[in-house]
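The sequence shown runs 21 to 297 under my numbering. Just so it is clear, CB atoms sit at the ideal spot from N, CA and C, and this is done for glycine as well.
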Amino acid sequence: MSTKAGGNESHVFRVQEGLGLNSNVSGERSPFEGSCCSGQGAVCDSTESEAEEVSKYRVVLLGDSGVGKTALVSQFMTSEYMNTYDASLDDEFGEKTVSILLDGEESDMIFIDHPHVEMSLENSLTTYEPHACVVVYSVVSRPSFQVAEDMLNYLWREHYTQERSVIVVGNKSDLARSRCIDANEGKQLATSRECKFIETSSGIQHNVDELLVGILKQIRLRETRDKKLRRRGSKSKMLTKLHGSKTALSLNLAREILNKMCINDSKSKSCENLHVL
C-alpha cells in the first residue's frame, strides 16, 4: 500500500489481521463499545504504545569525497527490510530516515551524510552523538583509504571504537580491474581498531542489504551488552569503594573486568560477521 501526503511518498508493508473485539456474527452493538474496554480503545492504545516504543538510532557516514557514501544511503531506501521511508528531510541537510522492520522489531535509522569538506569528524560526533559510525573508503583509491585510516585512528583515541559500533566499508568492490586496496588490507585495518568490516558495491547493490542489517544488529547488540553491564553495576561499585581516592582508575578497572566477563575475546570472532560483537 502506498500513500502520499504533502508531496512525500511513504511505503508501508505492515498487514493487520483479525477481527476487532466489537465485531460479532449477529452484527449487534457490543455493550463494551465506546468504553475503556472496547476493542476500538484497545487497538488505539496498542498503536500508540507501539509508536512510542520505536527506537531511533543515528548513524554517521564518514569518509573522503567520492567514495560512495550517498550512493549507499540511496540504496538503503530500496532494501527489502525497509518498512517506511520518510522523505520529509531535504537532501541539503544530509539526513535520511529509514524505518526498518527486522526480527519483528521496528527501528528508525537516521543516516547522516555530510560532505567531508563541510563538516569535520569532530563536529559530526559532537553534533549528532551517533549510535554508530560507518567509515567508507573506495577500493580503487589509496588516498581515500588513508583518510579512512586517519578517521579510525581518531575514533580509537576518543574511545569510539570501543564504546560505539564502528563499521569499515570498502566500497566499489565491483571495479576489480582498478582495485588497489586488497580486502585483507581493509580487514586488517578494521581488526586493529576493533571494528567490523565489509566490502560493498553500491553500483551493483552487492552487500548493501547486509550492511544495512549489520549496522542495526551491531547497535542492538551493544545496547543489550550495556544493559547487562548496568545490571552488574554493583560489582563495579564494590571496586570503587576499595580504591577510594582512585575513583577514575577503579571505574576503568571495573569496566575492563565486566567486559571480560560479558564478552568473548573479540579477536576470536570474524570482523566480517556483523551479527556478533
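Exposure of residue i, with buried meaning 16 or more beta-carbon neighbours within 10 Å
i              : result
valine 167     : buried
arginine 197   : exposed
histidine 295  : exposed
isoleucine 239 : buried
proline 150    : buried
serine 290     : exposed
asparagine 204 : exposed
threonine 147  : exposed
threonine 244  : exposed
valine 45      : In this prediction, valine 45 scores a pLDDT of 43, lower than 50, which makes its location untrustworthy; the coordinate-derived value is nonetheless stated afterwards. Valine 45 comes out exposed.
CA-to-CA distance, residue j to residue i, given in whole angstroms
i                 : j              : result
arginine 242      : valine 74      : 17 Å
arginine 199      : aspartate 84   : 17 Å
arginine 250      : serine 212     : 27 Å
glutamine 95      : valine 118     : 11 Å
cysteine 153      : glutamate 183  : 11 Å
leucine 121       : threonine 98   : 13 Å
asparagine 227    : lysine 247     : 30 Å
tryptophan 176    : glutamate 100  : 33 Å
asparagine 143    : valine 155     : 15 Å
tyrosine 77       : isoleucine 130 : 6 Å
valine 137        : asparagine 191 : 20 Å
aspartate 194     : asparagine 293 : 21 Å
glycine 86        : aspartate 229  : 21 Å
serine 140        : glutamate 126  : 31 Å
threonine 181     : valine 189     : 14 Å
lysine 237        : glycine 253    : 24 Å
glycine 234       : aspartate 123  : 13 Å
tyrosine 174      : leucine 145    : 11 Å
proline 163       : methionine 102 : 33 Å
phenylalanine 165 : glutamate 178  : 20 Å
isoleucine 201    : lysine 207     : 10 Å
aspartate 170     : lysine 216     : 16 Å
threonine 220     : valine 79      : 17 Å
glutamate 214     : lysine 116     : 27 Å
threonine 90      : leucine 297    : 26 Å
proline 135       : glycine 114    : 8 Å
Integer-rounded CB distance, given that residue j should sit under 8 Å from residue i
i              : j              : result
leucine 172    : leucine 209    : 7 Å
leucine 81     : aspartate 128  : Contact flag wrong, Cβ pair sits at about 16 Å.
isoleucine 218 : isoleucine 187 : 7 Å
serine 185     : leucine 92     : The Cβ separation is near 16 Å, so there is no contact.
glycine 88     : serine 161     : Between serine 161 and glycine 88 the Cβ distance is about 10 Å, and since that is not below 8 Å, they are no contact.
Residue-level contact to chain D via CB, residue i, 8 Å cutoff
i          : result
valine 154 : Reference to chain D is not applicable here, since this structure consists of a single protein chain.
For this session: Can you check the region 84-143 for any alpha helix (DSSP H) of at least 4 residues that lies completely inside it and give the ranges in chain order?
Result: 89-96
For this session: Go through the region 195-266 residue by residue and report every complete run of the alpha helix (DSSP H) that reaches 4 residues or more, in order.
Result: 203-212, 228-251, 253-263
Exercise. Which full runs of the beta strand (DSSP E) of 3+ residues lie inside the region 141-188, going along the chain?
Worked result: 152-158
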